[in-house]
Amino acid sequence: MSLAIPNGLDNTVERPGERAPLVLGDTTYHDITEAVCQVAERPPGRGWIFGFLVAFALLNWLGICIAYLIYTGVGVWGNQAPVFWGWPIVNFVFWVGIGHAGTLISAILFLFRQEWRTSINRAAEAMTIFAVACAGTFPGIHVGRAWLAFWLAPYPSLNLWMWPQFRSPLLWDVFAVSTYGTVSLLFWYMGMVPDLATFRDRSKNKWRRMAYGILALGWTGSSRHWMRYEKAYALLAALAAPLVLSVHTIVSFDFAVSQVPGWHTTIFPPYFVAGAIFSGFAMVLTLMVPARTMLGLEKLITIRHLENMCKIILATGSIVGLAYGTEFFIAWYGQVPEEQFAFLNRALGPYWWAYLTMVSCNVLSPQLFWFRKFRTTPWLIVLVCIFVNIGMWFERFVIVVTSLSRDYLPSAWSYFHPTWVDWSMLIGSFGLFFTLFLLFCKLMPVINMAETKSTLAKQLHMKHNDEH
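Structure representation (structure tokens):
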């Protein structure tokens, strides 16, 4: 049963003195179950098949490029003196940032009891897992000898006779990102258990029923199960909440603890966290706006959900813009010639086009969300969010490449030129991300049915009180 809005109408914009509902129309509990389950139960449509084939082809191309890289060596990248950190690190930081919105929506908004998170948290959590998987691909192959990447792990070895350098922020990354990925995966899976039991009970295929039955962990919906589930979910939310702030703080230390002009600054931790939330919400909207239409979920993922996320993008985008200005102010105020040159070089040097793209996409385009039309028109939301995603990739490019390409010795200055392998791995990482996301949409509950029904119950109770 589709819950699409007739004639494309979606009158969920808040009016003065009245808040738009989170579940539209005369939707019942049964309607919510049918709407979410039919996404996985019906045969895949042509759009899904086409998208999956394209994404899977890009994923295979990524695998071929990685095999070619390992066989030939890291020289196939454009990394050369002085830019030894090129696109692989840019892509790593970009994908880690994309993975921030899911945990923020699920954990922090859950702890603050924000009801509007219920219809979007499941897909956002899934994007977190998939983005971390994309991010984890690059450090492992960037070490040069990928088959020795396990040396990063602090395990005792008589053959190695040495330990990893614990004072290196690259090792901190291993702990931060792996912890974040593990907790996010547990949090995502824990929230799906009741809905997986619903999938199990509705499955007509023996193998699907068996698979969902194993994943549902024997869930029966008893009061004892619900009590333990809610305690475990709240505990995981409390564990995940500080990770939203810590993981990208640790990633920012890759740059902030160095002596490279343009990197050696204390503003990086809050600047990186705000940028990560900014890019993460943009990616969630980029995928969820078309998904709500294609999957027939417009009564469950409403304009109110989209508008709230647009407001967060506007706020974090403004923080990022403030950080850009603060960097220039600190470079001027600190009176360190190398720092002043690094920031002037970003804006006016050979990479001026990248800096202009970054500022235009990250600072100017989100300001359109001050206008309600841009916050409530789906295709305009997607357009702005695509620009934000482009701008956030260029932000990481500007930070990494412009600072390294012109360091202390003018004789060592160079201009970075990406190779076809750099381009292929960037595009291929999107293939990995979209392949996982499309499989998730087809095999798992896209919306948290249990929490959405709880939201509907509160909404009906308030409506009943208003009528009486």
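According to the numbering used here, the sequence shown holds residues 265 to 732 in order. Here a beta-carbon is modelled for each residue, glycine too, at the ideal position from N, C-alpha and C. Bear in mind the structure is a predicted one, so any value in this text is a computation, not a measurement.
Comparing alpha carbon positions, the residue from 361, 507 and 611 closest to residue 451 is 507. Judged by DSSP secondary structure, residue 690 falls within the alpha helix (DSSP H) whose first and last residues are 684-707. Here residue 314 is exposed. Its C-beta has fewer than 16 other C-beta atoms within 10 Å. For residue 631, the three-state secondary structure derived from DSSP is helix. Scanning 588, 360 and 695 for the CA closest to the CA of residue 624 turns up 588. The shortest C-alpha to C-alpha distance from residue 462 to any of 353, 714, 374 and 284 is the one to 714. Where residue 636 is concerned, the enclosing alpha helix (DSSP H) starts and stops at 636-640.
Taken through DSSP and simplified to helix, strand or coil, residue 300 comes out as helix. Residue 549 is positioned such that its CB atom lies closer than 9 angstroms to that of residue 645. Counting C-beta pairs closer than 8 angstroms gives fewer than three between the region 482-491 and the region 400-409, which falls short of the contact rule.
Its chain contains 664 as the residues whose beta carbon lies nearer than 6 angstroms to that of residue 353, once the 5 sequence neighbours on both sides are disregarded; these appear in chain order.
In terms of Cβ geometry, residue 569 and residue 448 do not form a close pair [threshold 9 angstroms]. The beta-bridge partner set that DSSP reports for residue 537 is empty. Where residue 508 is concerned, the enclosing alpha helix (DSSP H) starts and stops at 487-520. DSSP places residue 648 in the helix class (H, G or I) of the three-state scheme. Per DSSP, residue 602 is one residue of the alpha helix (DSSP H) stretching across 601-612. In this structure, 639 is the residue among 515, 639 and 718 with its C-alpha nearest to the C-alpha of residue 572. Excluding the 5 residues flanking it on each side, residue 484 has same chain C-beta neighbours closer than 8 angstroms at 461, in chain order. In this structure, DSSP gives residue 344 an extended state, which the three-state scheme calls strand.
In this structure residue 459 is buried. Its beta-carbon is surrounded by 16 or more other beta-carbon atoms within 10 angstroms. Closest option to residue 467, judged by alpha-carbon separation, among 722, 367, 298 and 552: 298. Closest option to residue 534, judged by alpha-carbon separation, among 511, 522 and 551: 511. Around the beta-carbon of residue 437, 16 or more other beta-carbon atoms lie within 10 Å, marking it buried. Membership of residue 470 in the alpha helix (DSSP H) is indicated by the continuous run 470-479. A Cβ-Cβ contact shorter than 9 angstroms links residue 526 with residue 666. For residue 335 and residue 316, the gap between their C-alpha atoms comes out near 28 angstroms. Within the region 313-385, the alpha helix (DSSP H) runs of at least 4 residues that lie entirely inside it are, in chain order, 351-362 and 364-367. Considering only 641, 617, 637 and 649, the residue with the shortest C-alpha distance to residue 629 is 649. Under the three-state reduction of DSSP output, residue 429 falls in the coil class, being neither helix nor strand.
Here residue 616 is exposed: its Cβ has fewer than 16 other Cβ atoms, across all protein chains shown, within 10 Å. When secondary structure is reduced to three states using DSSP, residue 653 falls in the helix class.
Annotation: the continuous alpha helix (DSSP H) that includes residue 594 extends over 567-598.
The beta carbon of residue 659 sits closer than 7 angstroms to those of 539, 622 and 626, all from its chain and outside the five residues before and after it, given in chain order. With contacts defined by Cβ atoms closer than 9 angstroms, residue 681 and residue 543 do not form a contacting pair. If the five residues before and after residue 524 are omitted, its C-beta is found closer than 6 angstroms to the C-beta atoms of 667, all from its own chain and listed in chain order. Bounds of the alpha helix (DSSP H) holding residue 620 are 616-623.
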